[in-house]
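Asks: Shown below is the structure under consideration.
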Amino acid sequence: METSPDRPPPPSTPTGPPPDIPVAARPPTRTPGGSRVVGHGSRRRRPGRRRRDSARHALRTPPVLAAVAGSPEEPARRRTTLAALGVVAAASAAALVAGLLSWAPAPGEPARALTAAEAERLAATRVTNLRDVRAGVRVTVGTGAARTDLVGWIDWARPLAYLDVGGPGAGADRGLVQATPSVVVLRPDPAAVPTPASPPLVPPTDRWRLRDLPAGRPLAGALDVLFGLSADRAEPADPLRHGAGRWVGRETLAGEPVDVLQAPLPRPTAAADPTARPPAPPAAGDGDPRWWVDGDARLHRWEGRLPGGQPAAVELERSDRPTIWPVDALGGRPGLPRALTDTEAERLARLPARLRAQPGAAVSVAVPLGTAANLRGSGWLSWSGGVAYLSVAELDTLGRRTLLRRDRDGFARAEVPVGPGAGATGAANGPPLPPPAGAGWRTGARPLDDLDLLIDAALRADTAPARPAAAVRLRTDRVAGWVVDVVELRVQGLRLRYWLDRTGLPRRLELRTRAGAWAQLDLTPAPVPAGIVPPRPGPPTAKAPAARAGTAGRR
Numbered sequence: 027m028e029t030s031p032d033r034p035p036p037p038s039t040p041t042g043p044p045p046d047i048p049v050a051a052r053p054p055t056r057t058p059g060g061s062r063v064v065g066h067g068s069r070r071r072r073p074g075r076r077r078r079d080s081a082r083h084a085l086r087t088p089p090v091l092a093a094v095a096g097s098p099e100e101p102a103r104r105r106t107t108l109a110a111l112g113v114v115a116a117a118s119a120a121a122l123v124a125g126l127l128s129w130a131p132a133p134g135e136p137a138r139a140l141t142a143a144e145a146e147r148l149a150a151t152r153v154t155n156l157r158d159v160r161a162g163v164r165v166t167v168g169t170g171a172a173r174t175d176l177v178g179w180i181d182w183a184r185p186l187a188y189l190d191v192g193g194p195g196a197g198a199d200r201g202l203v204q205a206t207p208s209v210v211v212l213r214p215d216p217a218a219v220p221t222p223a224s225p226p227l228v229p230p231t232d233r234w235r236l237r238d239l240p241a242g243r244p245l246a247g248a249l250d251v252l253f254g255l256s257a258d259r260a261e262p263a264d265p266l267r268h269g270a271g272r273w274v275g276r277e278t279l280a281g282e283p284v285d286v287l288q289a290p291l292p293r294p295t296a297a298a299d300p301t302a303r304p305p306a307p308p309a310a311g312d313g314d315p316r317w318w319v320d321g322d323a324r325l326h327r328w329e330g331r332l333p334g335g336q337p338a339a340v341e342l343e344r345s346d347r348p349t350i351w352p353v354d355a356l357g358g359r360p361g362l363p364r365a366l367t368d369t370e371a372e373r374l375a376r377l378p379a380r381l382r383a384q385p386g387a388a389v390s391v392a393v394p395l396g397t398a399a400n401l402r403g404s405g406w407l408s409w410s411g412g413v414a415y416l417s418v419a420e421l422d423t424l425g426r427r428t429l430l431r432r433d434r435d436g437f438a439r440a441e442v443p444v445g446p447g448a449g450a451t452g453a454a455n456g457p458p459l460p461p462p463a464g465a466g467w468r469t470g471a472r473p474l475d476d477l478d479l480l481i482d483a484a485l486r487a488d489t490a491p492a493r494p495a496a497a498v499r500l501r502t503d504r505v506a507g508w509v510v511d512v513v514e515l516r517v518q519g520l521r522l523r524y525w526l527d528r529t530g531l532p533r534r535l536e537l538r539t540r541a542g543a544w545a546q547l548d549l550t551p552a553p554v555p556a557g558i559v560p561p562r563p564g565p566p567t568a569k570a571p572a573a574r575a576g577t578a579g580r581r
């Protein structure tokens, strides 16, 4: 083919590899017949057979990386780099530790007087607790080995507290406790684990004891604080705003922003002259309790010191608020009070006649007397004879028991010894028959205590007029296998509860004691043993006609 003189000739195609590439590393070429030739002196490869060629892979490595990888200074350079990184890390750690040791939080706002809104919220805190009725509580009293922990619930409306007492300093108070502001019943459990937990919703029915807690005990102080955190009316806000309270900070508890306020815990006082001007409250100080109060005047935490000097902290769980079930000594489980139906009212009205038709009953009593006595006893009662005769003993006092007799002449008591280990068991076996004549009976015309009032109310049930219109049905319950209606009414100033079965017979009689507990007398219809009911006097003899006949004969 001819070339145009105006165009440059086409570049010639090289027929071989560049001279600077080794022969062994030259790329393969093809012969006119299609055979692949690698370098010089290579032979034809068979179809389907592959062979790794080190020279081809060597060509894939970039020259710069190949030069670096093969540099003799690389190990030394790596060691230098690692050493420099280690020095930087050590310096950073030292600087961080020094910063943490020297760091101090930014100073918060200083304590100041309460604003009008803060004073109003703090004054309404106790009323808010009463309005909310119940809350879960966690209380800590003391520190270290003397610490006492309490976990449970508080019902400010009843009022009633139900707690599990633990901690290294619980001592004799370890176990379950239920309390009102005036009565404390304890179920001791010395073998319980040191860490308390929430009490069972349905409390056990046995081993509860009435206790009188000394003022310095941690449990007594904790209960005073819990019941003192509620009131039926708000405190005056002006004294809090003018020095009796102060704002000390702001925190977040369980995701809820709260103000930390400081003010003394109001103490119950006797009724004073409403026209008298109250004294000026002392200024709030560092020793006063702290209140964690949210924007709705709800208390979340309280910290302070008890009268004995122990530090105490109360945490309230607003969402944990089950209905508390009181034990029998505190009134039993709550019900839904309502008026009597016609059938229930007729059953109550016929109670005196039903009792007069009974031969008598075997009785057993459980009386929390005063603030510390736990009486148990048994005996018999006769409505027709107007007599009750029982043997009663203190659960925690062995060796003695009290014989109690109530008849138409009044009350009589005698203290008699019993055998070793008898205690309440001797009382449960009933009084001796016949009643001992030389036991040193002490007589009286009026009842001495709540035990006498309970027995007297049981005997008078066959004559006292029942007023169904004033009675309230509390609940349905069960005692000794009988389904009963618990009916409450007032008789001669006493607050009584009749446990009536479906036939109208009383199976239990309860009396609210002067301390605020409930005494119980269980009845089982049964004949009364001979010797308890005195014989009725016979008709008078006719002696006057005989005397007149003698006189007439002498005439």
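Quick note on the numbering used here: the sequence shown kicks off at 27 and runs consecutively.
Cβ coordinates follow ideal geometry from the N, Cα and C atoms, glycine included.
Model, not experiment: these values are computed from the prediction.
#1: The ligand PLP and GLY405: does the residue's C-beta get closer than 8 Å to at least one heavy atom of that ligand?
#2: So what does DSSP say about PRO352, is it helix, strand or coil?
#3: How about the region 537-555 and the region 391-403: do they share at least three Cβ pairs that are nearer than 8 Å?
#4: How is the alpha helix (DSSP H) around ARG380 delimited, first residue to last?
#5: For the 8 Å Cβ check, are there 3 or more pairs between the region 432-439 and the region 455-475?
#6: On the DSSP letters alone, give me the boundaries of the alpha helix (DSSP H) that ASP478 sits inside.
#7: Can you tell which of ALA115, SER208, VAL177 and PRO229 has the C-alpha that lies nearest to the C-alpha of PRO360?
#8: Got a sec? Which residues, its chain only, sit under 6 Å from TYR188 by beta carbon, not counting five neighbours each side?
#9: Using 8 Å for Cβ pairs, my map puts ALA487 next to LEU377. What's the rounded Cβ distance?
#10: Decide if ASP422 is buried, meaning its Cβ has at least 16 other Cβ atoms within 10 Å, or exposed.
#11: Taking all protein chains shown into account, do 16 or more other C-beta atoms lie within 10 angstroms of the C-beta of GLY507, making it buried, or fewer, making it exposed?
#12: Thinking C-beta only, is ALA339 closer than 9 Å to THR154?
#13: Using C-beta distances below 7 Å, list every residue in its chain close to GLY530, excluding the 5 sequence neighbours before and after it, in chain order.
#14: Give the C-beta separation of GLU277 and TRP318 to the nearest angstrom, bearing in mind that I take them to be a contact with Cβ-Cβ under 8 Å.
#15: Would you kindly report the start and end of the unbroken beta strand (DSSP E) that includes THR231?
#16: Thinking LEU430 and LEU416 are a contact (beta carbons under 8 Å), I'd like their distance in whole angstroms, please.
#17: For VAL209 and ALA371, I'd like the C-alpha separation in whole angstroms.
#18: CB-CB under 6 Å to ARG164, same chain, minus the five flanking residues each way: which ones, in chain order?
#19: Here's the rule I'm using: 16 or more other beta-carbon atoms within 10 Å means buried, otherwise exposed. How should LEU325 be labelled?
#20: Which residue wins for smallest C-alpha separation from ARG152, given the options ALA419, GLU514, PRO551 and ALA263?
#21: Entirely within the region 221-277 and at least 3 residues each: give me those beta strand (DSSP E) ranges in chain order.
#22: At which residue ranges does the region 379-458 contain complete alpha helix (DSSP H) runs of 4 or more residues, listed in the order of the chain?
#23: Could you compute how far the alpha carbon of PRO222 sits from the alpha carbon of GLY334?
#24: If you reduce the DSSP assignment to three classes, tell me which class GLY170 lands in.
#25: Here's a check: name, in chain order, each residue in its chain whose Cβ is nearer than 6 Å to the Cβ of ARG344, leaving out the five neighbours to either side.
#26: What would DSSP say about PRO194, mapped onto helix, strand or coil?
#27: Buried or exposed: which applies to ARG534, given that a residue is buried once 16 or more other Cβ atoms fall within 10 Å of its Cβ?
#28: If I'm right that TRP234 touches ALA399 with Cβ under 8 Å, what's the distance once you round it to whole angstroms?
#29: Take the Cβ of ALA143 as the centre, count every other Cβ of all protein chains shown within 10 Å, and call the residue buried at 16 or more, exposed below.
#30: Where does VAL211 sit, in a helix, a strand or coil, going by DSSP?
#31: In the DSSP output, what is ALA539 paired with across the bridge?
#32: Tell me, which residues are paired with ILE558 by DSSP?
#33: So, with DSSP's three-state summary, where would you put PRO292?
#34: Below 9 Å between beta carbons: does that hold for VAL286 and GLY269?
#35: What is the residue span of the beta strand (DSSP E) that VAL340 lies within?
#36: If you measure between the beta carbons of ALA23 and LEU255, is that distance less than 9 Å?
Replies: Let's see:
#1: Although the ligand PLP was asked about, the structure shown includes no ligands whatsoever.
#2: coil
#3: Touching, yes.
#4: 377-382
#5: yes
#6: 476-486
#7: PRO229
#8: GLY178, TRP179, GLN204, PRO225 and ILE350
#9: The beta-carbon distance between ALA487 and LEU377, rounded to whole angstroms, is 7 Å. This is short enough to meet the 8 Å contact definition.
#10: exposed
#11: Exposed, since its Cβ has fewer than 16 Cβ neighbours within 10 Å.
#12: no
#13: So the qualifying residues of the chain are ARG373, ARG376, LEU377 and ARG380.
#14: 7 Å
#15: Neither: THR231 is in no beta strand (DSSP E) and is coded neither H nor E.
#16: 5 Å
#17: 33 Å
#18: VAL177 and GLU341
#19: buried
#20: When C-alpha distances from ARG152 are compared across ALA419, GLU514, PRO551 and ALA263, the shortest belongs to ALA263.
#21: Listed in chain order, the beta strand (DSSP E) elements of length 3 or more contained wholly in the region 221-277 are 235-237.
#22: Taking only runs of at least 4 residues, the alpha helix (DSSP H) segments lying wholly in the region 379-458 are 449-454.
#23: Cα to Cα, the separation comes out at about 23 Å.
#24: helix
#25: Result list for ARG344: ALA161, in chain order.
#26: coil
#27: buried
#28: In fact, because the Cβ distance is near 13 Å, the residues do not count as touching under 8 Å.
#29: exposed
#30: strand
#31: Before going on, a small fix: residue 539 reads as Thr here, not Ala. The partner list for THR539 (beta bridge, DSSP) is empty, contrary to what the question assumes.
#32: Its beta-bridge partners do not exist; DSSP assigns none.
#33: coil
#34: no
#35: 337-343
#36: No answer is possible for residue 23: the residues shown for the chain start at 27 and end at 581.
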